[in-house]
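Residues 4 to 99 (the working numbering) make up the sequence shown, in order. Input: a single structure, listed below in C-alpha coordinates.
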Amino acid sequence: MAHAMFGDPFSGKLVAWLEERVRKALESEGRGVKLFTGKTIVCMEGPQFSTRAESVMYRQWGGDLINMSVLPEAKLAREAELRFVCISSSDRGGSY
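Right, dumping it as C-alpha coordinates:
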(Lines of atoms letter the chains of each structure in order from A and count residues from 1; the text may use other names and numbers.)
(Lines give C-alpha, C1' and ligand atoms only; values in the text may rest on other atoms or scores of the structure.)
Protein backbone atom coordinates (compact mmCIF):
# COMPACT_ATOMS: atom_id res chain seq x y z
CA MET A 1 0.00 0.00 0.00
CA ALA A 2 1.32 3.41 -0.94
CA HIS A 3 -0.09 6.88 -1.21
CA ALA A 4 0.28 8.34 -4.70
CA MET A 5 1.01 12.05 -5.03
CA PHE A 6 -1.48 13.72 -7.31
CA GLY A 7 -0.26 17.29 -7.79
CA ASP A 8 0.64 16.43 -11.38
CA PRO A 9 -1.81 13.72 -12.43
CA PHE A 10 -0.47 13.25 -15.96
CA SER A 11 2.78 11.69 -17.11
CA GLY A 12 5.21 14.47 -18.02
CA LYS A 13 7.29 12.10 -20.15
CA LEU A 14 4.30 10.92 -22.14
CA VAL A 15 3.03 14.49 -22.57
CA ALA A 16 6.42 15.59 -23.93
CA TRP A 17 6.58 12.61 -26.28
CA LEU A 18 3.07 13.25 -27.60
CA GLU A 19 3.48 17.02 -27.82
CA GLU A 20 6.36 16.78 -30.27
CA ARG A 21 4.48 14.40 -32.55
CA VAL A 22 1.17 16.26 -32.38
CA ARG A 23 2.87 19.59 -33.20
CA LYS A 24 4.50 18.03 -36.27
CA ALA A 25 1.20 16.49 -37.40
CA LEU A 26 -0.68 19.78 -36.98
CA GLU A 27 2.01 21.73 -38.85
CA SER A 28 2.00 19.23 -41.71
CA GLU A 29 -1.78 19.63 -42.11
CA GLY A 30 -1.35 23.39 -42.53
CA ARG A 31 -4.84 24.32 -41.31
CA GLY A 32 -3.62 26.64 -38.55
CA VAL A 33 -4.81 24.40 -35.72
CA LYS A 34 -3.06 25.31 -32.46
CA LEU A 35 -1.82 22.99 -29.73
CA PHE A 36 -2.18 24.22 -26.17
CA THR A 37 -0.42 22.52 -23.26
CA GLY A 38 -0.07 23.16 -19.56
CA LYS A 39 -3.73 23.98 -19.03
CA THR A 40 -5.72 23.47 -15.82
CA ILE A 41 -8.65 21.06 -15.75
CA VAL A 42 -11.54 21.42 -13.32
CA CYS A 43 -13.14 18.04 -12.77
CA MET A 44 -16.70 18.36 -11.57
CA GLU A 45 -19.08 15.67 -10.44
CA GLY A 46 -21.49 14.60 -13.17
CA PRO A 47 -23.65 13.57 -14.81
CA GLN A 48 -25.13 17.08 -14.87
CA PHE A 49 -23.28 19.98 -16.47
CA SER A 50 -22.20 23.01 -14.49
CA THR A 51 -24.37 26.09 -14.35
CA ARG A 52 -23.20 29.22 -16.15
CA ALA A 53 -22.29 30.73 -12.76
CA GLU A 54 -20.21 27.68 -11.85
CA SER A 55 -18.41 27.83 -15.20
CA VAL A 56 -17.58 31.51 -14.61
CA MET A 57 -16.33 30.64 -11.12
CA TYR A 58 -14.11 27.84 -12.45
CA ARG A 59 -12.63 30.26 -14.99
CA GLN A 60 -11.95 32.79 -12.20
CA TRP A 61 -10.20 30.04 -10.26
CA GLY A 62 -7.85 29.56 -13.22
CA GLY A 63 -9.56 26.58 -14.84
CA ASP A 64 -9.16 26.24 -18.60
CA LEU A 65 -11.22 23.09 -19.19
CA ILE A 66 -14.18 21.59 -17.37
CA ASN A 67 -14.44 17.81 -17.37
CA MET A 68 -16.38 15.10 -15.55
CA SER A 69 -14.24 12.01 -15.92
CA VAL A 70 -10.54 12.81 -16.14
CA LEU A 71 -9.87 12.81 -12.40
CA PRO A 72 -11.27 9.35 -11.60
CA GLU A 73 -9.53 7.94 -14.68
CA ALA A 74 -6.21 9.57 -13.79
CA LYS A 75 -6.41 8.25 -10.23
CA LEU A 76 -7.10 4.72 -11.43
CA ALA A 77 -4.22 4.93 -13.90
CA ARG A 78 -1.87 6.20 -11.15
CA GLU A 79 -2.88 3.37 -8.84
CA ALA A 80 -2.25 0.87 -11.65
CA GLU A 81 1.12 2.58 -12.35
CA LEU A 82 0.05 3.41 -15.93
CA ARG A 83 1.19 6.56 -17.72
CA PHE A 84 -1.80 8.78 -18.43
CA VAL A 85 -2.48 11.98 -20.35
CA CYS A 86 -5.57 13.98 -21.22
CA ILE A 87 -6.13 14.96 -24.83
CA SER A 88 -9.01 17.35 -25.46
CA SER A 89 -10.22 19.04 -28.59
CA SER A 90 -12.40 22.04 -29.20
CA ASP A 91 -14.14 23.36 -32.28
CA ARG A 92 -14.65 26.93 -31.13
CA GLY A 93 -15.02 28.35 -34.62
CA GLY A 94 -17.06 25.63 -36.25
CA SER A 95 -20.64 25.79 -37.35
CA TYR A 96 -23.22 23.45 -35.88
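Glycine residues also receive a C-beta, built at the ideal position from the N, C-alpha and C atoms.
| Check | Outcome |
| --- | --- |
| Residue 86 in three-state terms, based on DSSP | coil |
| Candidates 68, 43, 37, of which the one nearest residue 52 by Cα | 68 |
| Residue 12, buried or exposed, once every other Cβ within 10 Å from all chains shown has been counted against 16 | buried |
| Residue 68, enclosing beta strand (DSSP E) - first and last residue | 68-70 |
| Bridge partners - residue 45, DSSP secondary structure assignment | 69 |
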